[in-house]
Amino acid sequence: MATTLVESGPVEAAAPRRRQTRRSVRVIDRITTVVITVGGLMVIVAVLGILVYLITVVVPLFRPARVTEQAHADFFADSVPELLMCEVDSHRNHVMYVDRSGQAVLLDARSGQRLESLALTPPGAVITAWARPLASERLALGYADGRVQVGVLRIAAGRLEVAMDEPVQVASPGDGIVRLDYKTSERREVFTALTTKGELFWDEVTRRQNVVTGKTTVRVAKHQLPFPTTTPLPDFLLQNTQGDQLYLAWRDGTIWRYDLRRITEPLIAEQTDLTPAGVELKQLQFMFGDQSLVAGDSRGEVTVWFRIEQAGANSTDGYRLVPAHRPEPHGAAVQAMAMSTRDKCFVTATVDGEIFLRHMTSDRVLLRQRLPDSVAVRAVMLAPRGDGIFALDERGRMWSWGVHNPHPETTWHTLFGKVWYEGYNEPTYTWQSSSGTDDFEPKFSLVPLIFGTIKATVYSMMFAVPIALLAAIYTSQFLDKRLRPIIKSGIETMASLPSVVLGFIAALVLAPIVENWIVACLIVFALVPLFVLGGAFLWQMIPPRVACRYQGWPQFVMLIVLVIVALWAARYCGPWLEQLLFWGDFKAWLDGRMGTAAPGLAIAAWPFSIVLVAWVQHLLFRRLGSARRTETGRVRMGLIELGRFIGVMVVGTLVAYLAGWLMASWGWDLRGWWLGTYVQRNTFVVGFVMGFAVIPIIYTISEDALSSVPEHLKSASLGCGATPWQTAIRVILPVALSGIFSAIMVGLGRAVGETMIVVMAAGNTPLMDWNIFNGLRALSANIAVELPEAVKDSTLYRVLFLAALTLFVITFVINTAAEVIRQRFRRRAFQL
Amino acid sequence: MSALPYRQRRTSLTARGEPMVWLTGAGLAVATLMISGLLLLVILNGTATFWPKPLRLVTLANGQQFLGEATRYETLVREGVLVERVLLRTGNFDLYGDDFKWVNLRDLQRVEYPLDAWLFERQEWGPFIGYIRAVRIDGVPVTLEQFETLRRDARQRFRQIRHLEKHVIGGINARLEALRLQQRRAELQSKTLDISDKRAALEAKYNEVTAQLTALRREDQRFTVLLAEAGGRTKELRLSEIVRAYPANRLTTTQQARVYLSRWWEFLTSEPREANTEGGVLPAIFGTVLMTLIMSVAVAPFGVIAALYLREYARQGPLLSAVRIAVNNLAGVPSIVFGVFGLGFFCYVVGGTIDSLLYPEKLPTPTFGTGGILWASLTLALLTVPVVIVATEEALAAVPRSMREGSYACGASKWQTIWRIVLPRAMPGVMTGLILAMARGAGEVAPLMITGVVKLAPELPIDGNPPFFHLSRSFMHLGFHIYDVGFQSRNSEAGKPMVYTTTLLLILLIALLNISAIYIRNRLRRRFVGAQF
């Protein structure tokens, strides 16, 4: 800032002399202004930009699929022949189909030009049934003369590759094969064939390679399954890869489920209806993974069925087929379907040319397309990499769309709602991001993780808040002034302890000790206050002259000794109490293996009954103390108070026991709710160790708030005759309350985001129960554990970014609220 | 607090609330005990770890014998009875399949301290505890007295082999790789580059070193020692495998102290071995210090500039206080969130761009496009910049208005006032903020776990191969070392002593930073308070 100054020397008081600011000073000043303004703004923007960046990574999760290109070509000049199968290669360059006559034809996907044509069948054979396993290069054909032929058919480097095995006589030569399903896995092939006569054959070919000789032995198992000859032949036959589940279905919607887990005793486990009466079943296929059935009917409804275990199910094996998902229906009959070979996506198409790309678990329609003129769809295909949809219409035109569909499985609902996953008995909140198998479906529900964060936070706050607040009140009001800075900075160093150290202590030092001494650890929470209160009641009886002398630090040292004595007592009382209350084995009691619910309930009721009894005795005997206080001696008074204390404790304990027994007889039980099976890495340990991280924060901020209450308020209160305790509780505490509240909020923010303690000591099981002796998986721990493994831009990666965003928002909101409250407190304290 | 209430006889005891006061005091006592107990636990275990313990030979009632160090005693309740047991560190993992053995004190029949029992710290497989049977050269026994001298020579040879393997061959490999990359780069720019001469020269040198190595290894094989464990099974080891050996029960206090110091020296100056559970933590110390330094280099100027802007240049108003609250609250955002941002933005976006522009020849192997010490430091800088901003702002606000006005009155420009008057006065606060930020950064682990820290870094971020500073390399960190050894290693019990000492080291480092923050603040404050006019 260029300033001109008028300088008037005391000696030469003549004409004022004007002096110009040097140019370099002005230039430097201007430059630094620009640099600091730009730099400062940039730093602030960069720091706040974290939020923006996290959001940009998360947003693609919720985008629907996008069409990247669209084309169509004429494949058939006039009418379309009946096609057994129709496929596209992984580069989306070639389309292959097999027609009824057994010709495999390869075409250019863009132009529709025929490139190659090969015959699959032996001469004279008439194809009556066929099967092509999903995501496989193998193929099975059934012939009118009862033979079945399997082989390989694929597109390799722009050419057709065919290698058919010799046909095998499955049925007698007079019976044709009507329906066929064929599944292969690494070591074995299973196929099921139904003949015109109604014979149902189940054949399994296992190949086992001897490790030593390298020779492959082939074993063929043949079985005939029960099928009543009077029933009409089914229209659909589906069998899973393991070969233990078989479904037969008819156009009227009837479905039979076979239980082939013991192949020597095949059973028709269940019969049910996939469609209501009068609605025709048009399409039925297995979803990728062979567990779910997708059914499309003549109304345009699409339903996904899978079997769940259910008590009282109307079946022989205790399972039942249920319509788990009913995604958005079409307007007209479903004509064609195609399943993805990598996830739970599928395509459905209708007679009026409507094509939906859907995802099973999220019930989401990812893409909608409609053919011009509403022409019926004959066949649809989903490209092997999931990046394209092909549809052949009745007029012989092939429509194709390139699809960008990176995150089909996530919606707000799958992330935050209950989702019915395949094989689960009901909709659940589940987090399971990886598994060994290929057809595994990752389950990304953030709810168990948020629950874990809340659980860890709640239990650690239950421990930390009372201790921190009591400590803050004592430090600011009663502690020796010389001790105050030492103690305060000592506790503040606790805040700068790296959390990995706390995690190590929790997991490797405390967890084994707590496991061995769990009852002792629990009764510490009762014994410490009891010993301290007992000590205080005895102290009251000491003559004031003596008491005053030891008011300062000796009292504090005495307190520390008392706490240590209480710890020592707990160590010896623990086993004894375990014997007395929990039949000698607390962990067995927790499991519910022995004992009744009464002791747990009594312990839970104990603090409440103590407070209740104390209040009642206060109402009853208040007059007693005050009437005599003027004339009774100190020791007598102290004795009365001590008697009252002991009385309250004894009566309170009795009341608690009674209450526990009563509640237990009502059938209440804390086990399975707040208590339960003991796990070594558990929330109890986490809550305690998290205290190391949270206590100093709450303590420092609330102590500041308590100490910054204006001194004149305290003086006035004491001057009016209030005791220091009355002053602290009735004058200081109310004024500082908003500051204390903000301290708790800041502590909460720290507990929510704490990572290393939870990673190391919480066991990382994504469960949803309140059991304090069980583990948990928190948002922060989940990020730390899984992000190093997540592939960039995969769904898991983005979901973990969403978890981080959630944490960011939660802590930011909590801290902002705390800050606003604290500023209000400051203003108020200033006004007072 | 005064003794006032006690003089008034008439106040009721309830009003005095003595028990309640004691209850609040109990809160403070518990908090104090928690912190002092924790520090005591770490200090005691951390300092005691390296002291050589006596080896005891225990004979159980069933005749089994174990030789080992008593690690800790434990009392627990089994079926309502108190059971006392001791954890013996028996070593000999390769023979027993375990390093430790719990022994119930009740089952003990006899405890002896055999004078000829030795503890051998080995390069691999953890310690061997047992007796020396023979020292052999080419299979021919020599006197046991020669053991220590021969072992020293063998270790010397071992270090030579290590040096050749790691530095000499490593250097040759690094140069070969650099050549390959040069060629690849030329290819990418459609030029040709002939490197066969240089490559041949390097390969010749490589062969020469390999020959030297083979000779050394052959020499090394000649010297062996035959050991026996408590049960009598024997094991022959090369002398060079033995890092340290001492007859535990024959040591005088001075000798014990010597072993103790030599272990500390090894801990501080050498590389880890045996999956980080033994050896030293030098790479971790190096990584922690370097990362903290890079972080403070990044955080100091930006934090101060942002604070200067907020306090001196920006127009004060509701928007600015909102920004101030937001920046303040960023200090409370969990560190893992910063780690996520660091991975996504620094490693993948910035690092990926750098790779495609500057290192196209190495792709698809990422150079900067993955976790590394630079990105970890920048992530921590982002994490700690709010701390520096808040501290600097407070320090700037504390400079009396009169001083600025005085400066302006003397004709100084705004920048001159800030540079000459305000900043020096605010310096103690700035330094404190910076050091507190360093202390926080040094102790953070969660964000590092996803931005480049590794359990075992093969190379340090600074070494003798050009360009000497390798900021893209992953690194080791004391905090992560604790997590890794204590939590992820094969045998967390075996790693525990190591974890305690590492913890002690980390806490000392952070305490040192905190104490120096306080010291600098006091010193500078005194200096500038003295200069007040």
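Residue numbers (our numbering), protein chains in the order written: chain X, 1 to 832; chain R, 833 to 1365.
Glycine is no exception: its CB is placed at the ideal position from the N, C-alpha and C atoms.
Because the structure is a prediction, the values reported are computed rather than measured.
1) Taking all protein chains shown into account, decide if R:ALA1242 is buried (16 or more other Cβ within 10 angstroms of its Cβ) or exposed.
2) Cα separation between R:THR1197 and R:ARG1012?
3) Looking at C-alpha atoms only, which residue of X:GLY396, X:SER742 and X:VAL689 is the closest neighbour of X:ALA507?
4) According to DSSP, what are the bridge partners of R:ASN936?
5) Among X:ASP235, X:PRO427, X:LEU260 and X:VAL152, whose alpha-carbon lies nearest the alpha-carbon of X:HIS223?
6) I want to see whether chain R comes within less than 8 Å of X:LEU834, judged by CB atoms only; does it?
7) Which bits of chain X does R:THR1282 rub up against, with CB to CB less than 9 Å?
8) Looking at the C-beta of R:LYS1328, does it have a partner C-beta in chain X at a distance below 8 Å?
9) Who are the Cβ neighbours of R:TYR1332 in its own chain at under 8 Å, not counting the five residues just before and after it?
10) Can you find at least 3 beta carbon pairs, one from the region 1245–1252 of chain R and one from the region 1196–1215 of chain R, that sit closer than 8 Å?
11) Just to make sure I have the definition right: I need the residues of chain X whose C-beta is within less than 7 Å of the C-beta of R:PRO851. Which are they?
12) Counting contacts by CB-CB distance shorter than 8 Å, is X:MET461 in contact with chain R?
13) Starting from R:LYS1030, trace the alpha helix (DSSP H) in both directions and tell me its first and last residue.
14) Would the region 279–294 of chain X and the region 382–398 of chain X be scored as touching if the rule is three or more Cβ pairs under 8 Å?
15) Note the first and the last residue of the continuous beta strand (DSSP E) segment covering X:MET164.
16) Report all residues from its chain with a CB closer than 8 Å to the CB of R:GLU956; omit the five preceding and five following residues, and keep chain order.
17) Please state the DSSP three-state secondary structure of X:ARG482.
18) Measuring CB atoms only, is the region 717–733 of chain X touching the region 755–767 of chain X, in the sense that at least three cross pairs come out at less than 8 Å?
19) Need the endpoints of the alpha helix (DSSP H) that R:ARG1016 sits in, please.
20) Exposed or buried, what is X:TRP674 when buried is set at 16 or more other beta-carbons lying within 10 Å of its beta-carbon?
21) Would you check if there are 3 or more beta carbon pairs closer than 8 Å linking the region 101–120 of chain X to the region 420–437 of chain X?
22) List, in chain order, every chain R residue whose beta-carbon is nearer than 7 Å to that of X:GLU819.
23) With H, G and I counted as helix, E and B as strand and the rest as coil, what does DSSP make of X:TYR429?
24) Inspect the CB distances between the region 551–559 of chain X and the region 654–665 of chain X and report whether three or more fall short of 8 Å.
25) Under 8 Å between C-beta atoms, does R:VAL1217 make it to chain X?
26) What residues from chain X crowd round R:PHE952, counting only those whose CB sits closer than 7 Å?
27) Quick one: using the 10 Å Cβ neighbour count with 16 as the cut-off for buried, is X:TRP615 buried or exposed?
28) Against chain R, does X:GLN848 count as a neighbour if the rule is that its beta carbon must be under 8 Å from one of theirs?
29) Assuming R:GLY1135 and R:VAL1217 form a contact by the criterion Cβ under 8 Å, report the distance between their Cβ atoms to the nearest whole angstrom.
30) Spell out whether any CB of chain R is found under 8 Å from the CB atom of X:ASP29.
31) State yes or no: is the beta carbon of R:GLN1014 nearer than 8 Å to at least one beta carbon in chain X?
32) Which of the three DSSP states, helix, strand or coil, is assigned to X:ARG114?
33) Which whole-angstrom value is the C-beta distance of X:CYS573 and X:ALA520, which I expect to be below 8 Å?
34) Could you tell me which residues DSSP puts in a beta bridge with X:ILE308?
35) Which partner residues does R:PRO1104 have in the DSSP bridge list?
36) Flag this pair as yes or no: are the beta carbons of X:HIS72 and X:ARG397 separated by less than 8 Å?
In brief:
1) On the second sequence, residue 1242 of chain R is found 410 positions in, with the first residue counted as 1. In the sequence as presented, Ala is not what sits at residue 1242 of chain R; that position holds Cys. So R:CYS1242 ends up on the exposed side.
2) By one-based count along the second sequence, residue 1197 of chain R stands at place 365. By one-based count along the second sequence, residue 1012 of chain R stands at place 180. Pairing R:THR1197 with R:ARG1012, the inter-Cα distance amounts to about 14 Å.
3) Your numbering for residue 507 of chain X matches position 507 in the first sequence. Closest option to X:ALA507, Cα to Cα, is X:VAL689.
4) Start at 1 with the first residue of the second sequence, and residue 936 of chain R comes out as number 104. The partner list for R:ASN936 (beta bridge, DSSP) reads R:ARG917.
5) In the first sequence, the residue the question calls residue 223 of chain X occupies position 223. Nearest option by C-alpha distance: X:LEU260.
6) Nothing can be reported for residue 834 of chain X: it is not among the residues displayed for chain X, which extend from 1 to 832.
7) For the purposes of this step, residue 1282 of chain R is taken as residue 450 along the second sequence, with counting starting at 1. Residue identity differs from the one stated: residue 1282 of chain R is Ile in this sequence, not Thr. Chain-order list of chain X residues neighbouring R:ILE1282: ILE783, ALA784, LEU787 and PRO788, by C-beta distance under 9 Å.
8) Walking along the second sequence from the start, residue 1328 of chain R turns up at place 496. For R:LYS1328, the answer is yes, since a Cβ of chain X falls inside 8 Å of its Cβ.
9) Taking the first residue of the second sequence as 1, we reach residue 1332 of chain R at position 500. VAL874, ASN877, GLY878 and THR881.
10) Remark: fewer than three beta-carbon pairs, one from each stretch, lie closer than 8 Å, so the region 1245–1252 of chain R and the region 1196–1215 of chain R are not flagged as touching.
11) For the purposes of this step, residue 851 of chain R is taken as residue 19 along the second sequence, with counting starting at 1. LEU533, ALA536 and PHE537, listed in chain order.
12) Here the question's residue 461 of chain X lines up with position 461 in the first sequence. Not one chain R Cβ lies under 8 Å of X:MET461.
13) Position 198 of the second sequence holds residue 1030 of chain R. According to the DSSP assignment, R:LYS1030 belongs to the alpha helix (DSSP H) that extends over 1028–1054.
14) Contact between the region 279–294 of chain X and the region 382–398 of chain X is absent, because fewer than three Cβ pairs lie under 8 Å.
15) Walking along the first sequence from the start, residue 164 of chain X turns up at place 164. From DSSP, the beta strand (DSSP E) with X:MET164 extends over 159–164.
16) Within the second sequence, numbered from 1, the residue matching residue 956 of chain R stands at position 124. Residues of the same chain with a CB within less than 8 Å of the CB of R:GLU956, apart from the 5 flanking positions on each side, are GLU1073, ARG1105 and GLU1106 in chain order.
17) Sequence index remark: in the first sequence, residue 482 of chain X carries index 482 (1-based). Of the three classes helix, strand and coil, the one that applies to X:ARG482 here is coil, per DSSP.
18) No: fewer than three Cβ pairs fall under 8 Å.
19) As a position in the second sequence, residue 1016 of chain R is number 184, starting the count at 1. Where R:ARG1016 is concerned, the enclosing alpha helix (DSSP H) stretches over 1001–1020.
20) Position 674 of the first sequence holds residue 674 of chain X. Classification of X:TRP674: exposed, given that the 10 Å Cβ count is below 16.
21) Short answer: they don't touch.
22) In the first sequence, counting from the first residue as 1, residue 819 of chain X sits at position 819. Taking a Cβ-Cβ cut-off of 7 Å, the neighbours of X:GLU819 in chain R comprise ILE1157, ASN1160 and ASN1161, given in sequence order.
23) For the purposes of this step, residue 429 of chain X is taken as the residue at position 429 of the first sequence. X:TYR429 falls in the coil class under three-state DSSP.
24) The region 551–559 of chain X is not in contact with the region 654–665 of chain X.
25) Working through the second sequence from its first residue, we reach residue 1217 of chain R at position 385. Taking a beta-carbon distance threshold of 8 Å, R:VAL1217 counts as an interface residue toward chain X.
26) Translated into positions along the second sequence, residue 952 of chain R becomes position 120. Per Cβ cutoff of 7 Å: no residues; R:PHE952 is ~26 Å from chain X at best.
27) Numbered from 1 along the first sequence, position 615 holds the residue referred to as residue 615 of chain X. X:TRP615 comes out exposed.
28) Coverage of chain X is limited to positions 1 through 832, which leaves residue 848 of chain X absent and any answer about it impossible.
29) On the second sequence, position 303 is the one that residue 1135 of chain R refers to. On the second sequence, position 385 is the one that residue 1217 of chain R refers to. Sure, about 5 Å apart at Cβ, within 8 Å.
30) Translated into positions along the first sequence, residue 29 of chain X becomes position 29. For X:ASP29, the answer is yes, since a Cβ of chain R falls inside 8 Å of its Cβ.
31) Along the second sequence, one-based indexing puts residue 1014 of chain R at 182. Not one chain X Cβ lies under 8 Å of R:GLN1014.
32) Within the first sequence, residue 114 of chain X is the residue found at index 114, counting from 1. X:ARG114 falls in the strand class under three-state DSSP.
33) Against the first sequence, residue 573 of chain X aligns to sequence position 573. Against the first sequence, residue 520 of chain X aligns to sequence position 520. The Cβ separation is near 7 Å, so the contact holds.
34) As a first step, residue 308 of chain X is located in the first sequence; it is residue number 308 there, counting from the start. Within the DSSP bridge table, the entry for X:ILE308 names X:ARG320 as partners.
35) The residue labelled residue 1104 of chain R in the question sits at position 272 within the second sequence. The partner list for R:PRO1104 (beta bridge, DSSP) reads R:GLY1111.
36) Taking the first residue of the first sequence as position 1, residue 72 of chain X is located at position 72. Taking the first residue of the first sequence as position 1, residue 397 of chain X is located at position 397. A Cβ-Cβ contact shorter than 8 Å links X:HIS72 with X:ARG397.
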